[in-house]
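Novice: Here it is, the structure, as structure tokens.
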Amino acid sequence: MLRSPRQLIIELAGTDILAPMLRAVGRGLVTIFTLHRFTDPEHGVIGLDPVALANQLAYLRRYRYRLLGLSEVVERITGRNGHSTSPAVVFTVDDGYGDFVRIGAPVFAEYDCPVTVFIPTGFLDGRLWLWWDRVTYLFANARRTSFFAPELGDRPYQWSTPEELARVQQYVLDALERVPAPQREAAIAALSGQLEVELPETPPAAYAPMSWDEVRKMARRGVTFGPHTVTHPILPLTPPDICKWEIEESYRRLRLETSSTVPVFCYPAGQARQRELQAVQAAGFSAAVTTIPGYAAPHGIRDWGALRRFALPRFPTTEDRPHLVNVVAGLARLRPRIRRPRPRK
Ligand SMILES: [Zn+2]
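Rendered as structure tokens:
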């Protein structure tokens with residue numbers, strides 16, 4: 014099969030033979046990765062394969078990338094710490110699911126790699142389960158093969174194969190990400206009725222959070238935590254008082270549960286405008302992260318002036334080595350577009 018020169022470069026980048034050279038190419042870069050779920054067959058979770066994660070961490074250790082904690086990066090960005098030229102990599106995990114404790118954390122510990130977990134505090138407090146999981150659950154357990162809900166458009170949807178079902182489900186997930194929380198809740202309630210599925214009060218094991226006790230247990234092993242709102246709303250779609258409460262209350266609640274809290278906020282779905290950046294600054298944070306792909310070194314951050322450290326970009330992570338190397342060594346700078354993950358979360 015013929016490969017384009019770019020494909021060849023990307024594939025070659027994943028090989029050990031080029032690693033020392035690529036590390037030199039990546040001088041001065043700071044890459045923050047965002048992860049979500051870890052494959053956990055026992056609990057029915059599909060996510061990042063822990064073996065692939067271990068391979069990636071082994072590669073980064075072998076070629077002496079600096080694996081930093083989020084706080085160190087913030088100090089570096091805000092100029093409170095000296096600059097280093099060796100490329101640095103930071104790992105963050107969003108949403109506080111239980112599979113991090115069971116599957117992800119042991120791998121990070123094995124490679125002595127710092128990691129920060131962003132917590133929607135209402136999720137750990139048992140007040141809610143995350144909305145996209147509820148939608149996924151409804152479709153997985155649907156007793157009907159069609160629905161019509163005015164909250165989700167003006168036409169009925171139906172399916173007869175798993176592929177069609179997956180497409181409809183994805184349509185609903187995408188549509189609901191763009192609406193304010195009350196409207197989304199109404200749509201999910203309508204969907205529950207239409208599909209004849211009752212949502213359990215608390216999330217089933219596959220969608221369950223870690224516990225606060227587990228947070229403290231992880232903290233003793235060096236894991237740090239940052240707030241990710243209380244209920245995981247899309248902040249630019251919330252009224253100002255609710256936006257402020259989501260930011261401040263999650264910070265207060267997290268610090269009450271663990272002293273291993275970093276002063277870094279994480280926007281749900283990475284979405285933030287100037288108002289959110291200002292609210293996070295006013296709440297006393299040192300920085301905040303989005304899911305806009307890019308480098309967290311000064312030149313890679315979108316120019317928000319004094320607010321730029323409240324919009325630090327992060328790269329999605331994937332299981333394949335060439336992708337990892339392309340990002341950490343800076344080859345991603347040469348590509349106009351990086352594959353974006355599902356923008357949810
Ligand atoms: Zn999230």
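With the first letter of the sequence shown counted as 1, position 5 gets the number 18 in our numbering; the numbers rise by one all the way through. Glycine included, C-beta positions come from ideal geometry on N, C-alpha and C. Predicted model, so just to flag it, every value in this text is computed and none were measured.
Assuming contact is defined by CB atoms lying nearer than 7 Å, are H241 and C279 in contact in what I supplied?
Specialist: Yes, the Cβ-Cβ distance between H241 and C279 is below 7 Å.
Novice: Rounded to whole angstroms, what's the CA-CA distance from R350 to Y308? Just pull it up for me.
Specialist: Note that R350 scores a pLDDT of 47, beneath 50, so its modelled location is shaky and nothing firm can be said.
Novice: Which first and last residues belong to the alpha helix (DSSP H) in which T134 is found?
Specialist: Note, T134: alpha helix (DSSP H), 134 to 137.
Novice: Tell me the residue span of the alpha helix (DSSP H) that contains D187.
Specialist: Its alpha helix (DSSP H) spans residues 175 to 190.
Novice: Quick one: is V64 buried, meaning 16 or more other Cβ sit within 10 Å of its Cβ, or exposed?
Specialist: Classification of V64: exposed, given that the 10 Å Cβ count is below 16.
Novice: Along the chain, which unbroken stretches of the beta strand (DSSP E) at least 3 residues long are found entirely within the segment 278 to 312?
Specialist: With a minimum length of 3 residues, the continuous beta strand (DSSP E) runs that stay inside the segment 278 to 312 are 300 to 302.
Novice: When the Cα atoms are used, what is the spatial distance from R74 to V185?
Specialist: One C-alpha to the other measures close to 41 Å.
Novice: Using a Cβ-Cβ cut-off of 7 Å, state whether G117 counts as contacting chain D.
Specialist: Structure shown: chain D not included; a single protein chain is present.
Novice: For V148, which residues in the same chain have their Cβ closer than 8 Å to its Cβ, ignoring the five residues on either side in sequence?
Specialist: Answer for V148: Q182, V185, L186, L189, I201, L204, listed in chain order.
Novice: What do you reckon, is the C-beta of D112 under 6 Å from a heavy atom of ligand 1?
Specialist: Incorrect: D112 has no Cβ contact closer than 6 Å to ligand 1.
Novice: Return yes when at least one heavy atom of ligand 1 lies under 6 Å from the C-beta of P216, else no.
Specialist: Result no, Cβ not under 6 Å from ligand 1.
Novice: Would you call the CB atoms of G109 and M223 closer than 7 Å?
Specialist: Yes, Cβ-Cβ distance for G109 and M223 is below 7 Å.
Novice: Just to confirm, does D108 get its C-beta within under 6 Å of one of the non-hydrogen atoms of ligand 1?
Specialist: Result yes, Cβ under 6 Å from ligand 1.
Novice: Hey, how far is the Cα of P213 from the Cα of A155?
Specialist: Their backbone Cα atoms lie some 14 Å apart in a straight line.
Novice: Does the distance between the C-beta of P222 and the nearest non-hydrogen atom of ligand 1 fall short of 6 Å?
Specialist: False, no ligand heavy atom lies under 6 Å from that Cβ.
Novice: Does the distance from the C-beta atom of T98 to that of T237 stay below 7 Å?
Specialist: For T98 and T237, no; Cβs fall outside 7 Å.
Novice: By how many angstroms is the C-alpha of L141 removed from the C-alpha of Q392?
Specialist: Past the boundaries of the shown model lies residue 392; the chain is included only from 14 to 358, so the question cannot be answered.
Novice: Hey, could you find the ends of the beta strand (DSSP E) P240 is sitting in?
Specialist: Start and end: 237 to 240.
Novice: With a threshold of 6 Å, establish whether the CB of P175 neighbours any heavy atom of ligand 1.
Specialist: No - ligand 1 has no heavy atom lying nearer than 6 Å to the Cβ of P175.
Novice: In whole angstroms, what is the alpha-carbon distance linking R352 and L21?
Specialist: Reliability of the predicted coordinates at R352 is poor, the pLDDT of 49 falling under 50, and the value obtained from them is presented with this limitation in mind. So the alpha carbons of these two residues sit roughly 18 Å apart.
Novice: According to DSSP, is V243 part of a helix, a strand, or is it coil?
Specialist: DSSP places V243 in coil when its eight states are reduced to three.
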